[in-house]
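In the numbering used here, the protein residues as written are 634 to 731.
Where is the CB? At the ideal position from N, CA and C, for every residue including glycine.
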Amino acid sequence: MASIDRIIQREVNPFDPVSLYTINFWQEQQNPTLSVDSIHQNVISDIETVLEQVAQEHRPRTLILTGDSGSGKSYLLGRIKKLFNTKAFFVYIDPWPD
634 MASIDRIIQR EVNPFDPVSL YTINFWQEQQ NPTLSVDSIH QNVISDIETV LEQVAQEHRP
694 RTLILTGDSG SGKSYLLGRI KKLFNTKAFF VYIDPWPD
């Protein structure tokens, strides 16, 4: 098994604009061996609660995911897609200028 230092050296630095590549969380499949269930667990639990309310009340809800660059939004979206794709409708809105 590779050491954490070796893994860090071979992976793309998400904070380096030169090596950063754009991913489409919807098309790209996350490697299940890299999944960490404890990350964002409170957010996932909140989303699950909202989806249960939608199912019970038959009233739509809108959830917006925001965060700083590198905070794990794409990772979270990938997990949400995997967990709730059959229960939710996803829309991506491009960033708008300030």
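Just so you know, the alpha carbons of residue 666 and residue 638 end up roughly 18 Å apart. The criterion of a C-beta distance shorter than 7 Å is not satisfied by residue 673 and residue 698. In the structure shown, the three-state DSSP call for residue 720 is coil. In the DSSP annotation of this structure, the continuous segment of the alpha helix (DSSP H) that includes residue 689 starts and ends at 674-690.
In terms of Cα proximity to residue 720, the closest of 676, 687, 668, 678 is 687.
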